[in-house]
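Chemist: Once you know that position 26 of the sequence shown is 32 in this note's numbering, the rest is easy, because the numbers rise by one and skip nothing. Yeah, the Cβ is synthetic: ideal placement off N, Cα and C, and Gly gets one too. Got a structure for you, questions after.
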Amino acid sequence: MYQVFASELTEKLLAEGCTPESFAVLSRQSDAYCIDKIWGEWAVFYSERGIDSKPIYTSDSETEACEFFYDYILKQEHWHLVGFFKVEAEALELESMLDKIGIHSIRNDIPAFNAPNDPRYRVFVVGKDIFKAKEKLGSLAITYT
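Here it is as structure tokens:
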């Protein structure tokens, strides 16, 4: 069994391609899983809009709680936004570029961004593919129009 401590947890999760918005270590983040020491006990819980849910795991041991949290967060699918476009053709071009370098992308469009019939086209990659996308494409094609 490996040992993970709270002081290194964030760095380890980011190195695995986890999205930083999906978790918080020794703090709270809205709509994220959190790990914190509460009343002398380590707790893993979900925090939504400033309200903490009932813990899904508790332990007196920092390493056991951190190992649980690490494994729990790694099991989730972590999407990274790599393109945000007003024109669908630009999203399609990015998807094609990603496909050519062996990176699977996911489209999740917004049909009414500011008003009805005002779509935005979003392209995501999952997990560690964010590192490969940055390496192969350099500056990613994220535009906010």
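Rounded to whole angstroms, what's the CA-CA distance from T151 to P117? Just pull it up for me.
Modeler: On the sequence shown, position 145 is the one that residue 151 refers to. On the sequence shown, position 111 is the one that residue 117 refers to. The predicted model places T151 with a pLDDT of 49, which falls under 50 and marks its position as unreliable, so this point remains unresolved.
Chemist: Rounding to the nearest angstrom, what Cα-Cα distance links S13 and I136 in this structure?
Modeler: As a working mapping, residue 13 is identified with position 7 in the sequence shown. As a working mapping, residue 136 is identified with position 130 in the sequence shown. S13 and I136: Cα-Cα distance of roughly 24 Å.
Chemist: I'd like to confirm the pairing. Which residues does DSSP put opposite C40 in its beta bridges?
Modeler: Position 34 of the sequence shown, counted from the start, is the residue given in the question as residue 40. BP columns for C40 point to A30, F51.
Chemist: From the DSSP output, in three-state form, read off T151 for me.
Modeler: Stepping through the sequence shown from its first residue, residue 151 is reached at position 145. The predicted model places T151 with a pLDDT of 49, which falls under 50 and marks its position as unreliable; any figure quoted below should be read in that light. Coil at T151, not helix or strand.
Chemist: Which same chain residues end up closer than 6 Å to E54 when comparing Cβ atoms and leaving out the 5 residues on each side of it in sequence?
Modeler: Along the sequence shown, read from residue 1 onward, the residue named residue 54 stands at position 48. D37.
Chemist: Let me know the secondary structure DSSP gives S65 once reduced to three states.
Modeler: Within the sequence shown, numbered from 1, the residue matching residue 65 stands at position 59. Three-state DSSP puts S65 in a strand.
Chemist: At 4 residues or longer, what runs of the alpha helix (DSSP H) sit wholly inside the stretch 120–148?
Modeler: 135–143, all fully within the stretch 120–148.
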